[in-house]
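One structure is given here, and the rest of the page talks about it.
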Amino acid sequence: MEVVADTEFMRRALARGDTASRRSAPNPWVGAVVVRDGEIVGEGATQPPGGAHAEVEALRAAGARARGATVYSTLEPCSHQGRTGPCVGALTEAGVARVVIALEDPDPQVAGSGVAQLREHGVTVDVGVEAEAAARALAPYLLHRRAGRAFTVVKAAMSLDGRIAARDGSSRWITGDAARADAHALRADSQAVVVGAGTALADQPRLTVRDVTPPVEHQPLRVVLDATGRVPADGPLFDTDLAPTLVVTTNTVSDAAHQSWLAAGAKVLTVPAATNGLGVDLTATLEALGGLGVLQALVEGGATLAGALVDAGLADRLVTYVAPTLLGRDGRPAFDLTGPATIAEARRWQLIDVARVGDDVRLDYEPPAPDRA
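According to the working numbering, the stretch in the sequence shown is residues -17 to 355, in order.
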């Protein structure tokens, strides 16, 4: 019975963690539940940076009832002093008897030390309950801590025949209102929204989050990849009253372009050029975004950028909205990438979710297992 109860309570902790996903970065969105005699007596989720972690929130809610209780946490409690005190200390001071953890924290400052310290204080610790669900929920954080780069979600809105624009380049609107609203929620879950120079020039996008519930406290960083200075510093992308903007470029860009971006209020980051000479180095770009505290970057660029990320093994998730329309052979494909020579060599992505969104369908995919970081 305990195994069943552990699963149920951990799922509750995961649900609590989900409520913090838009406010906790660069910290993980952790959920915690305190259970005594089979009853939930306290629960909590990670507060914005500088605020309490999930375990402390849950212990506060439980009060004296935490003594002798079991705490369920979706991630290993921290054992170091950061903006707040270590959660391990709060748990031992509260007198909890057992801690059940979904995942160990790969952050080098934790990395098993939280589990070890709890056990040293006589607390029973079990690790691995609902580990797969927690790993999916916390995937951006886990990759950021393990690889030092932003988790990359590539989004595409396409026709039934895999086209993202008609022959004349028009693409608004392939999908319906419901799918576009869902895409705004995806932006809200990200700390950066990324486009290439071609999309910036063709669409003049705002890349802001609009009409989501709950509303975002801060707009995500808008990132324009422009290796050669093609994008002028005007239009909504350079209206920094809407949201902050970062241009990622190379040292080949002219001083005039560089200075115009800065004068418009954008920040500019220089990275190496891609080894094939086309665009910026994508690995360096994602590592730089990771250094800025971006856990998840949503890529809304066109076929060239999407294909380059897939080819480089840097697309950690594909989110495709498929509309009930056909654009034909002259329409523009969703991905411009290097294809396999045969069907046998084709990489098969793992479908992780399917949802009907109005008249459209949302399909979420992860890379084949060997390609995952």
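All C-beta atoms in this analysis are idealised placements derived from N, C-alpha and C, irrespective of residue type, glycine included.
Taking the alpha-carbon positions, what's the residue i to residue j distance?
i, j, result
"Gly275", "Glu199", "16 Å"
"Leu300", "Leu124", "18 Å"
"Arg192", "Val253", "31 Å"
"Ile156", "Ala305", "6 Å"
"Gln173", "Leu268", "12 Å"
"Gly261", "Val336", "33 Å"
"Ala84", "Arg212", "47 Å"
"Ala297", "Val136", "6 Å"
"His166", "Thr181", "17 Å"
"Cys60", "Gly24", "19 Å"
"Tyr303", "Val97", "41 Å"
"Ala161", "Thr307", "14 Å"
"Ala240", "Val250", "As written in the sequence, residue 240 is His, which differs from the Ala given in the question. Those two C-alpha atoms are separated by around 7 Å."
"Asp216", "Phe133", "29 Å"
"Arg49", "Asp143", "59 Å"
"Ala129", "Pro8", "14 Å"
"Asp150", "Ala323", "30 Å"
"Gly289", "Gly33", "39 Å"
"Pro315", "Met140", "8 Å"
"Arg338", "Leu345", "9 Å"
Name the DSSP beta bridge partners of residue i, please?
i, result
"Ser55", "Ala14 and Ile83"
"Ala285", "According to DSSP, Ala285 bridges with nothing at all."
"Glu25", "Val15"
"Ala174", "Leu203 and Ala279"
"Arg47", "In DSSP, Arg47 forms no bridge with anything."
"Leu251", "Val230"
"Ala344", "Per the sequence shown, residue 344 should be read as Arg rather than Ala. Beta-bridge pairing links Arg344 to Tyr303 and Ala337."
Taking residue i as part of the alpha helix (DSSP H), name the residues at either end of that continuous run.
i, result
"Leu124", "Ala121 to Ala129"
"Gln241", "Asp237 to Ala245"
"Leu73", "Cys69 to Ala76"
"Ala270", "Leu264 to Gly273"
"Thr181", "Ala179 to Asp185"
"Arg101", "Ser95 to Glu102"
Could you please give the first and the last residue of the uninterrupted beta strand (DSSP E) stretch that includes residue i?
i, result
"Asp216", "Taken as a continuous stretch (DSSP letters only), Asp216 belongs to no beta strand (DSSP E), as it is neither H nor E."
"Asp108", "Thr106 to Val109"
"Ala147", "Arg145 to Ala147"
"Ala209", "Counting along the chain, Ala209 falls outside any beta strand (DSSP E), and DSSP gives it neither H nor E."
"Thr134", "Phe133 to Met140"
With residue i and residue j assumed to form a contact (beta carbons below 8 Å), what rounded beta-carbon distance in angstroms separates them?
i, j, result
"Ala36", "Val16", "So it is not a contact: roughly 11 Å between Cβ atoms."
"Leu120", "Leu57", "7 Å"
"Ala256", "Leu264", "7 Å"
"Thr52", "Val82", "6 Å"
"Ala238", "Thr190", "Contact doesn't hold; Cβ gap of about 28 Å is too wide."
"Gly71", "Ala27", "In fact, because the Cβ distance is near 20 Å, the residues do not count as touching under 8 Å."
"Val194", "Ala170", "5 Å"
"Gly158", "Asp341", "5 Å"
Identify every run of the beta strand (DSSP E) within the segment 296 to 342, keeping only runs that are complete inside it and at least 3 residues long; order them along the chain.
The qualifying runs are 299 to 304 and 332 to 339.
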